[in-house]
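Below: the structure, in structure tokens.
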Amino acid sequence: MTAHVGRGRLIVLAGPSGVGKSSVVRELRTVLPELFFSVSATTRDPRAGETHGVDYLFVGPDGFDAMIARGELLEWAEIHGGLQRSGTPRRPVEEALAAGRPVLVEVDLAGARAMKAAMPECVSVFLAPPSMAELERRLAGRATETEAAFARRLETAREEMAARHEFDVTVISDEPRAVAARLVELLVATPHGAHPLHTQESSS
8 MTAHVGRGRL
18 IVLAGPSGVG
28 KSSVVRELRT
38 VLPELFFSVS
48 ATTRDPRAGE
58 THGVDYLFVG
68 PDGFDAMIAR
78 GELLEWAEIH
88 GGLQRSGTPR
98 RPVEEALAAG
108 RPVLVEVDLA
118 GARAMKAAMP
128 ECVSVFLAPP
138 SMAELERRLA
148 GRATETEAAF
158 ARRLETAREE
168 MAARHEFDVT
178 VISDEPRAVA
188 ARLVELLVAT
198 PHGAHPLHTQ
208 ESSS
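When we follow the numbering used here, the leftmost residue of the sequence shown carries the number 8, and every step to the right adds one.
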């Protein structure tokens, strides 16, 4: 494993549904093996093929309440109208940073705001589609939702796009490998203090 000096860097990644966050994260974990990717705690039960500690921390409603009460979550939110809750455990993130590892936390817009408040040193990155038309095409290509659900996703995406000025860096999601390379630069390659703030850039 690569030797680390000093405290690791934390990137908080957010972006609208369908923008390609999962593909970028998979690529990033391949090219940066030492990356610590935060595993969310959730109240829901595991789905087929999911593993505790790998996909999620399946703690159940009571366990989640206990984590909140003990201040163990950097951020958390209700999902699907309160049917379940999900959050970012504090201790694994802080331990990885203290060990000098680069850390990535993937959250939604509200989660990104909460993470920035909890850990102001983080670099918040907004992953944006090349255009809203392209995002609509990607979402429509899933063909797994009702028309009403599709419309809700688009409306949420528009709200998220309107808030991207709140992020330190905006990267256009045109190709996962190039986006991952840009995130590597932010995590390990550029000198501390050299992060561009409130910039928009293409990954190509």
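Here a beta-carbon is modelled for each residue, glycine too, at the ideal position from N, C-alpha and C.
Just so we're clear, the structure is a prediction, and the values are computed from it rather than from any experiment.
Taking only the alpha-carbon atoms, compute the straight-line gap between Leu-111 and Glu-154 and give it to the nearest angstrom.
Distance between the alpha carbons of Leu-111 and Glu-154: 33 Å.
Less than 8 Å between the CB atoms is what I'm expecting for Ala-21 and Leu-116, so what's the real figure, rounded?
A Cβ-Cβ distance of about 6 Å is found for the pair Ala-21 and Leu-116, placing them in contact under the 8 Å criterion.
Looking only at its chain, what residues have a beta carbon closer than 7 Å to the beta carbon of Leu-104, apart from the 5 residues adjacent to it on each side?
Excluding positions up to five away in sequence, the list reads Arg-14, Gly-15, Leu-17, Val-110.
How long is the line joining the alpha carbons of Ala-188 and Arg-36, rounded to whole angstroms?
Going from the Cα of Ala-188 to the Cα of Arg-36 covers about 11 Å.
Cα-Cα separation between Gly-25 and Leu-146, rounded to whole angstroms:
So the alpha carbons of these two residues sit roughly 6 Å apart.
Just verifying my parser: in three-state terms, what is the DSSP assignment at Ser-24?
Look at Ser-24 here: in three-state DSSP terms it is coil, with no helix or strand label.
Note down the Cα distance separating Arg-184 from Ala-76, rounded to an integer number of angstroms.
Between the C-alpha atoms of Arg-184 and Ala-76 there is a straight-line separation of about 40 Å.
Taking all protein chains shown into account, do 16 or more other C-beta atoms lie within 10 angstroms of the C-beta of Ala-135, making it buried, or fewer, making it exposed?
Buried, by the Cβ-count rule.
Using only alpha-carbon positions, find the residue among Asp-72, Gly-67, Lys-123, Ala-48 that is nearest to Val-61.
For Val-61, the closest C-alpha among the options Asp-72, Gly-67, Lys-123, Ala-48 is that of Ala-48.
Would you give the residue range spanned by the alpha helix (DSSP H) that Thr-163 belongs to?
The continuous alpha helix (DSSP H) containing Thr-163 extends over residues 154-169.
Might you give, ordered along the chain, the residues of its own chain that have their beta carbon closer than 7 Å to the beta carbon of Leu-4, omitting 5 neighbours on each side?
The question about residue 4 has no answer, for the chain in this structure spans 8 to 211.
Of all the options Ala-125, Ala-106, Pro-96, which has the alpha carbon lying nearest to the alpha carbon of Asp-72?
Closest by alpha carbon: Pro-96.
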